[in-house]
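What follows is one structure encoded as structure tokens, with my remarks underneath.
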Amino acid sequence: MGKKALVVVSFGTAWPEARRAIEKLEERLRCAFPTHDFYRSFTSEMVARRIEREEGVHIPQPEELLERLAAAGYDEVRCQSLHVIFGQEYEKMLRQLRPFCGRFEKLLAGDPLLWGTGDYLRLTEALLARMPRLDRDEAYLFMGHGSAHPANAAYALVENTFRYHGAERVYVGTVEGFPHLDYVLSRLHQREIAQVHLAPLMIVAGDHAHNDLAGEGEDSWKSRLESEGYQVQTHLYGLGELDAVGDIFVDHCRRAAAL
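Be aware that the sequence shown starts at 1337, since it is given in my numbering, and climbs by one per residue.
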């Protein structure tokens, strides 16, 4: 039997406490593939440089890691992305992997979190199970990262899937795409909402969650909502902490396709 590697690829985070969400997913995948040697890779060079500078730990980019695995004589490399959507970072990962197609007998890549309709259903069901029961004057707002990539449409589909479940006062906005906060606010104004719950729709509750969502600066979502007269409660957890998210990634990794 040839040597097999499991490479778990994420954007990464420089927040050590937030990294626990990534580590939980990595452990879930490691347990699901006990015959594979485990390796971690981050697609964010900035995050990897900061971790190396501050913690003395080197986390390789996918292309650096695959070069090492090829030199070590691995026959099969199974790469599982921990990205949320099929966006810029996921495509960046694929670009880094494809040149190695001829270097291994098998080079496989699993889909990001939100791929098929079932992924949206499973994610929203898990989030609804974690959320508090909302009174008629309460709303729940998730902050996604957002992107200029066409896959940004996934965030609108997440909100539509909440509607499918009958959750009429659950909204999704993004930091760097559409729907933006101003649009979400315009919709909140159409309802008699007094309190808004805020949570990240990201694998980790890192920089965006602590600063853009819950920070004390006047431009944070918490501050913007409070300036509009809403009471705000923040819930800082990453999607990677949810067991259902780990299940989705394991399923995607099991049906990973050859590049």
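Glycine included, each C-beta is placed from N, C-alpha and C at the ideal position. Predicted model, so just to flag it, every value in this text is computed and none were measured.
How close, in whole Å, do the beta carbons of residue i and residue j come, if the pair is a contact with beta carbons under 8 Å?
| i | j | result |
| --- | --- | --- |
| residue 1481 | residue 1538 | 6 Å |
| residue 1507 | residue 1475 | 6 Å |
| residue 1440 | residue 1410 | 6 Å |
| residue 1585 | residue 1361 | 6 Å |
| residue 1437 | residue 1595 | 5 Å |
| residue 1344 | residue 1416 | 5 Å |
| residue 1414 | residue 1592 | 6 Å |
| residue 1357 | residue 1574 | 4 Å |
Which residue marks the beginning of the beta strand (DSSP E) containing residue i, and which one marks its end?
| i | result |
| --- | --- |
| residue 1376 | 1373 to 1378 |
| residue 1533 | 1531 to 1536 |
| residue 1413 | 1412 to 1417 |
| residue 1578 | Counting along the chain, residue 1578 falls outside any beta strand (DSSP E), and DSSP gives it neither H nor E. |
When DSSP labels each residue in this structure, what does residue i get in the three-state scheme?
| i | result |
| --- | --- |
| residue 1369 | coil |
| residue 1343 | strand |
| residue 1586 | helix |
| residue 1498 | helix |
| residue 1474 | strand |
| residue 1510 | strand |
| residue 1593 | strand |
| residue 1409 | coil |
| residue 1446 | strand |
| residue 1348 | coil |
| residue 1338 | coil |
| residue 1480 | strand |
Taking the continuous alpha helix (DSSP H) assigned at residue i, which residues delimit it?
| i | result |
| --- | --- |
| residue 1454 | 1453 to 1466 |
| residue 1430 | 1424 to 1433 |
| residue 1523 | 1517 to 1524 |
When you measure from the CB of residue i to every non-hydrogen atom of the ligand NAD, does any distance come out below 6 Å?
| i | result |
| --- | --- |
| residue 1419 | Only the bare structure without any ligand can be found here, which leaves the ligand NAD out of the picture. |
Contact between the region 1529 to 1538 and the region 1468 to 1480: three or more CB pairs below 8 Å? Under the 8 Å Cβ criterion, the region 1529 to 1538 counts as touching the region 1468 to 1480, having at least three qualifying pairs.
Does the region 1541 to 1555 come close enough to the region 1343 to 1359 that 3 or more CB-CB pairs lie under 8 Å? These segments touch.
Do the region 1365 to 1377 and the region 1545 to 1554 touch if we need at least three Cβ pairs shorter than 8 Å? no
Going residue by residue through the region 1536 to 1567, where are the continuous alpha helix (DSSP H) segments of at least 4 residues, counting only ones entirely within it? 1557 to 1563
Three or more C-beta pairs closer than 8 Å, one from the region 1525 to 1536 and one from the region 1558 to 1570: is that the case here? Touching, yes, given that three or more Cβ pairs across the two stretches are closer than 8 Å.
In chain order, what are the residue ranges of uninterrupted alpha helix (DSSP H) at least 4 long that sit wholly in the region 1378 to 1407? Within the region 1378 to 1407, the complete alpha helix (DSSP H) runs of at least 4 residues are 1381 to 1391, 1398 to 1407.
Is the region 1484 to 1497 close to the region 1509 to 1519, with three or more CB pairs under 8 Å? yes
Any 3 or more C-beta pairs closer than 8 Å across the region 1446 to 1462 and the region 1486 to 1506: yes
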